Amino acid sequence: MAAQKQTVPQEETPAAAVELKNIDKRFGAVHANRAVSLAIPRGTIHGIVGENGAGKSTLMSILYGFYEADAGEIFVNGVKKSIRSSSDAIKAGIGMVHQHFMLVDTFSVVENVMLGAEEGALIRPSLAKARIELERLEREYALAVNPQALIGELPVGSQQRVEILKALYRKCDILILDEPTGVLTPQETDQLFRILAKLKERGVTIILITHKLREIMAITDNVTVMRQGEVVANRVTRETDSRELAELMVGRKLRIGVDKKPVQPGEALLRVDRLTYRDGQGVPRLSGVSFSVHAREIVGIAGVSGNGQSELLEVLAGIRPPSEGGFSVNRREVSAAHPIDPAEMRRLGLAHVPEDRHRLGLVTAFPAWESAILGYERRPEFSKYGLLDERHIKSHCARLMEEFDVRPRAVDLKSANFSGGNQQKLILAREISGRPDILLVGQPTRGVDIGAIEFIHQQLVAMRDAGCAVLLVSVELDEIMALADRILVMFQGRIVGEVEGARAEERQLGLMMTNAHAPENRQEPEHA
Amino acid sequence: MNPALPRWIDIGLIPLINVALAFLVSGLIVLAIGESPLDAVRLLVAGAFGDLNAWGYTLYFATNCVCTGLAVAVAFHCGLFNIGGEGQATMGGLGAGVVALAFDRYVPAPLLAPLVLIGCMALGALWALIPAYLQAYRGSHIVITTIMFNFIAASLMVYLMVNVFIQPGSQAPQSRNFTGGHLAYVHEMLGALGIAMPKTPLNATVFVAILACYLLWLFLWRTRWGYALRATGSSPAAAIYAGIDPKRMTLLAMAISGALAGIAGFNVVYGDQHRLFLDFVAGYGFTGIAVALMGRNHPVGIVLASLLFGALIQGGSDLSLEIPNINRDMVATIQGLVILFSGALAYLFRPYLERLFLRRRIFKTAEA
Amino acid sequence: MQDVLITLVSMLAAMMRVSTPLILCAMAGLYSERSGIIDIGLEGKMLVAAFAAACVAYVTNSPWLGLLAGIGISLLFSLLHGFACITHRGDQVVSGVALNIIASGLTAVLGNAWFSEGGQTPSIPEEARFLELHWPLAETIGALPVIGPLYTRVLSGQSLLTYAAFLCVPLTAWILYRTRFGLRLRAVGEKPQVVDTAGISVAFLRYRAVLIAGLLCGIAGAYLSISQGAAFGRDMSAGRGYIALAAMIFGKWKPWPSLWACLLFAALDAIAIRMQGLTIPGIGAVPVTLIQALPYILTVVLLAGFIGKAVAPKAIGIPYVKER
């Protein structure tokens, strides 16, 4: 279908494969895309970088017809297109590999590939054709997958190849990939990049959305930087470097660090000893993790997301029980045989600022004052004989809001109606006000505006100075480097390196995070 | 996500529009069968509130609605949809009957009543606890299980009435009458105070229901268990984070729910009929869903909605005497429509109101 | 020996009749639920269809017009369900419950108003009903031992709608597993966003599924009032919609296993009726009502994971909203 539409070649000035003009999109109060304009030459790999929430994914979802833009125009191969649904996008030759794969787990590879692009009302002829076509595509692009395999039984790397096959099967010549490497091992990433190079060779235009600069530098021809819904720069990749891109992304000089004086750590308040955690399917998410966090110390956990950091936090917080090994909180032992629930953890002096504040940190339907005691509702100061002391809780909440500058200062406002940064401040205030000895913090500044970031960082340092043991998990290396006294690097559920905070270098950490410094440690997860 | 509308629109105007719509459609149905909706309303109001007799019946029916309505609401607050009110009320009535039949010859009435109440609440709670346990620990869907339990309760009742409780030599599947005094009727209480009221089935259970409303409100919004229960309903993940066990909350919510539904059985069996018989719940379990949805799961709202449905049931049966074309089933139809418009189509008008309201606000800010 | 055979044959014949509405409704539920829309409203749709079919057949004296009317009103209820659940993303269980109650109330109100027989319709003459079809050579083959009675009394001599119900099962299996529509239907019930990003409308697909459910419930309703029965009676569906729902769950949302579940439940019913009043030495009277509750008990036991595991379509009950 798309092949016929390419027959409008203009010899002199080849039209861009994709051109976006003044794309604008709002979600309620959030202005996700502000008059975004962008041109992508045919047959190139074009990177779009930006922080979380910069509007990259929204922009591409508009191009793919998943959302409709409020304003703006889209040109594909020089022709103006009205893309109002994904089927319009597919007809225009656009394919997309989503961050969360759009695959039905209970279907086979071939069923997934042909879904929506069947030949007729019956499956059988479609199946036959799809199998032949898949074989051809596999040969041409070295995209090996067993067409009969069930998606649910394939490793993520293979699932992603099925997504690419799906797009190619629909004869796309423009392929969008949204954060494709987030879930991949380094080997799988390399393999993906080889596939992308091959696709480019065959004339496919590739748009790569990522927040990893290394990937941009490694594979793209051009790069667009987005920040807060706007395009802030376009560069030819050869003519720029990670440093410049990073500065463009955050819009300021990289933070050199928070004002932090060296202090002598005290005794170990949190000791983790050969901790192993297996999920519901029996897959190990943490394998023999050991470390300790001392009083007056911030220990940072660095790592590509999905390498066990989230599970580590949740096991330590008592949300998930350890499978083997254990840890001690303020000298109280926790193990598979003696798990402790989150309520008991709090009583032991452990507080937890969760990674996913919407799902875990607040009850979004509750007013702020009710969310302000979540997890602490049993404390005698808030409830006596089971009865909640509403007046006291409200004044407590008002005090937290004052101290942590939560806006608006409305104790009765629904938790959902605060902005991300203010929700985070409320959670942090709640957890800190419990005067914990140990503070677990996950992604403290994800989706938080810059002013609040500084404030949150200062609070974490203040906690450390006051004698608290802080464990910080973040995917933002800058944040870890700025705050942590010691940095542990996690890879595939293990701790693969430890660096002193003051001596850490981004490059070295990056290598550890992808385990590139220790090739003998590499594990092949693909045995399915 | 939702653009903020003022509270009075969200909890006042929208529910009102939805209920109005349900009644509008009901009016159209009355028109369609060739009767005058206005006449019907007039007769209905007179039948429900015309005199003390009517009031007695209305409040008696409303008592049942309050119990099953509260039952549905407390489950809703924990994120559970309890369709099993019918079965739980049946079992509650059975519990009341069993305790009364077992002890009425030995225990004096004033002592017996609390015993019977405990029996009925316990059996109602048990009937809700099994589906709750299966949902929490075995992963079966509570909606399906509670539906199944309605039928199982009905079958069990038939079996017990026909095989166990039936009086020797009788054909009617009902137990002997309870002896040794009965729960005080309201007309008896008023009579003792010197106020004359005709004999109606309204009995002391109405005070139990009002007390239940207050206690449930206190529990949900003023105790930490209620806090935990609502947290579980709104966000199970956040509840776990806070150290609340959602499984135990499921059990707690359903136990309370079943016990409350059971009181409806108490009202009919022990409060008025003084015997066990078949089908005494007569759809109140489902009425409870309409009541809870219309009352926005709040005890005050539930009392108001129950008054409305009590009036519909009482006025409706009066009405059918005057206009034979409109029978009691009209009330069921209205119930269904209320559930449809207040429940499934609750947000039908929200987008329009949003646009209307936001436009006005933008207009205002533009002026300023 | 002969007695046993006669009993068996008459029980099989009864099973065919009892299972007809169950099978139709179970298949209806299957379409809806495989697309991700919970259908508690099978009962209600069947009931309104039974009412409409009886009214129209009575007035026009045509079973076909009656059937059409039944299907029509059932489709209307399906559309309402779709409007609430698909278009307005309302709660699917609440919507289903509402439709059931409306159906129960409305049929009784209208029946009472139109015919003044307490919610009954007048009885419908034979020419306005779907009667038993007798197969050729019934007499000749009927003389054969064993096969004979089976042919004449079980296979032959059923209503057209019964045959339709039994045909509906292989047809459903074929549609579900062999056609494009079936592939997409299964996909939308598992993960609607996949279907959406493949350029297919989630809403349209689900509306079609819900409408097919309406069609089948319509036939089931017509069977009750103008084929098996000869009039509409108050609440005549008597929980069959829920039993069908249970059978479909028991059949793990798959056509053939759902059929076996329907037949099992129908057999339980046939056995229970036959055992009415019998006593088993040592045990006493057969608890017929308890046998009749077995379908519900079995479904609960199955759902609790004590016999195998019933896995529902993954996206069932969740309104489709494009996530941000």
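Chains as they are written, first to last, in the numbering used here: chain A, 1 to 528; chain B, 529 to 896; chain C, 897 to 1220.
Here a beta-carbon is modelled for each residue, glycine too, at the ideal position from N, C-alpha and C.
Since we're looking at a predicted model, the values are computed, not measured.
For the alpha helix (DSSP H) holding residue i, just list the boundary residues, first then last.
| i | result |
| --- | --- |
| C/Thr1075 | No alpha helix (DSSP H) holds C/Thr1075; DSSP gives it neither H nor E. |
| A/Ser37 | Where A/Ser37 is concerned, there is no enclosing alpha helix (DSSP H), although the beta strand (DSSP E) it sits in stretches over Val30 to Ile40. |
| B/Leu868 | Note, B/Leu868: premise wrong, no alpha helix (DSSP H); not H, not E. |
| A/Ala368 | Ala368 to Ser371 |
| A/Lys171 | A/Lys171 -> no alpha helix (DSSP H), and no H or E assigned at all. |
CA-CA distance, residue i and residue j?
| i | j | result |
| --- | --- | --- |
| B/Tyr769 | A/Val363 | 10 Å |
| C/Gly1137 | C/Gly940 | 8 Å |
| A/Val156 | A/Pro380 | 48 Å |
| A/Ser57 | A/Glu230 | 12 Å |
| C/Thr951 | C/Val1065 | For clarity, residue 951 of chain C is Cys in the given sequence; the question names Thr instead. The alpha-carbon atoms of C/Cys951 and C/Val1065 are separated by roughly 29 Å. |
| B/Leu847 | C/Leu1056 | 43 Å |
| B/Ser845 | B/Cys593 | 16 Å |
| A/Leu248 | A/Arg235 | 11 Å |
| A/Pro367 | A/Leu168 | 49 Å |
| A/Glu297 | A/Gly325 | 24 Å |
| A/Thr106 | A/Ser287 | 29 Å |
| A/Ala117 | A/Ile132 | 14 Å |
| C/Cys1113 | C/Ser1133 | 11 Å |
| C/Val1091 | A/Ile62 | 17 Å |
| A/Ile256 | A/Val489 | Because the pLDDT of A/Ile256 is 46, which lies under 50, any placement of that residue in the model is unreliable, and the number read from its coordinates should be weighed accordingly. Near 21 Å, if we compare the C-alpha coordinates of A/Val489 and A/Ile256. |
| A/Pro339 | A/Arg332 | 11 Å |
| A/Ala233 | A/Ser37 | 11 Å |
| A/Arg522 | A/Glu188 | Confidence at A/Arg522 is low in this model, with a pLDDT of 38, below 50, so the placement of that residue is unreliable and no value is reported for it. |
| B/Leu580 | C/Ser1012 | 32 Å |
| A/Arg26 | A/Asp437 | 43 Å |
Quick one: give me the first and last residue of the beta strand (DSSP E) that residue i is part of.
| i | result |
| --- | --- |
| A/Glu498 | Arg494 to Glu500 |
| A/Val231 | Glu230 to Val236 |
| A/Ile219 | Where A/Ile219 is concerned, there is no enclosing beta strand (DSSP E), although the alpha helix (DSSP H) it sits in stretches over Leu213 to Ile219. |
| A/Val441 | Ile438 to Gly442 |
Would you mind sorting residue i into buried or exposed? The rule is 16 or more other CB atoms within 10 Å of its CB.
| i | result |
| --- | --- |
| A/Pro9 | Residue placement at A/Pro9 is flagged as unreliable, the pLDDT there being 44, under the threshold of 50; a coordinate-derived value is accordingly withheld. |
| B/Asn546 | buried |
| A/Lys253 | Model confidence at A/Lys253 stands at a pLDDT of 48, short of 50, so the residue's coordinates are unreliable and nothing is read from them. |
| A/Pro180 | buried |
| A/Gln281 | exposed |
| B/Trp536 | exposed |
| C/Trp1149 | buried |
| B/Gly652 | buried |
| C/Thr1036 | exposed |
| C/Leu1155 | buried |
| A/Val223 | buried |
Discussion item. Along the segment 374 to 392 of chain A, where does the CB come closer than 7 Å to a CB of chain B? Name the residues.
Written reply: Leu374, Gly375, Glu377, Arg378, Ser383, Gly386, Leu387 and Leu388
Worksheet entry | Touch test, the segment 310 to 323 of chain A against the segment 347 to 365 of chain A, Cβ-Cβ under 8 Å, three pairs minimum | yes
Item to complete: Scan the segment 108 to 138 of chain A for residues whose Cβ lies nearer than 9 Å to a Cβ of chain C and list them as they occur along the chain.
Response: Glu111, Asn112, Met114, Leu115, Gly116, Ala117, Glu118, Glu119, Gly120, Ala121, Leu122, Ile123, Arg124 and Ser126
Fill in: Meets three-Cβ-pair contact criterion under 8 Å: the segment 903 to 912 of chain C and the segment 1073 to 1093 of chain C
no
Item to complete: Please list the residues of the segment 80 to 104 of chain A that have a C-beta atom closer than 9 Å to any C-beta atom in chain C, keeping them in chain order.
Response: Ser85, Ser86, Ser87, Asp88, Ala89, Ile90, Lys91, Met96, His98, His100, Phe101, Met102, Leu103 and Val104
Discussion item. Residues of the segment 341 to 364 of chain A in Cβ contact with chain B at a cutoff of 8 Å, in chain order, please.
Written reply: Asp341, Pro342, Ala343, Glu344, Met345, Arg346, His352, Pro354, Asp356, Arg359, Leu360, Gly361, Leu362, Val363 and Thr364
Item to complete: Please confirm if the segment 20 to 33 of chain A is in contact with the segment 1175 to 1188 of chain C, defined as three or more CB-CB distances below 8 Å between the two stretches.
Response: no
Practice prompt. Could you name the residues of the segment 1171 to 1194 of chain C whose beta carbon sits closer than 8 Å to any beta carbon of chain B, in the order they occur along the chain?
Written response: Ala1181, Pro1183, Thr1185, Leu1186, Gln1188, Ala1189, Tyr1192 and Ile1193
Worksheet item: Which residues, in order along the segment 1076 to 1110 of chain C, keep a beta-carbon less than 8 Å from a beta-carbon of chain A?
Response: Arg1076, Phe1077, Gly1078, Leu1079, Arg1080, Arg1082, Ala1083, Glu1086, Lys1087, Gln1089, Val1090, Val1091, Asp1092, Thr1093, Ala1094, Gly1095, Ile1096 and Ser1097
Worksheet entry | Interface positions of the segment 60 to 74 of chain A facing chain C (Cβ-Cβ less than 9 Å), listed along the chain | Ser61, Tyr64, Gly65, Phe66 and Tyr67
Item to complete: Quick one: which residues of the segment 967 to 994 of chain C get their C-beta closer than 9 Å to a C-beta of chain B? List them in chain order.
Response: Leu976, His977, Phe979, Ala980, Cys981, His984, Arg985, Gly986, Asp987, Gln988, Val989, Val990, Ser991, Gly992, Val993 and Ala994
Item to complete: Evaluate contact between the segment 809 to 825 of chain B and the segment 555 to 566 of chain B, counting only Cβ atoms and requiring at least three cross-stretch pairs below 8 Å.
Response: no
Discussion item. Output needed in chain order: residues of the segment 775 to 804 of chain B with a Cβ under 7 Å from some Cβ in chain A.
Written reply: none
Item to complete: Give the residues from the segment 1040 to 1074 of chain C that approach chain B closer than 9 Å (Cβ to any Cβ), ordered along the chain.
Response: none
Discussion item. If contact is defined by three or more beta carbon pairs under 8 Å, each pair taking one atom from either stretch, is the segment 123 to 143 of chain A in contact with the segment 88 to 95 of chain A?
Written reply: no
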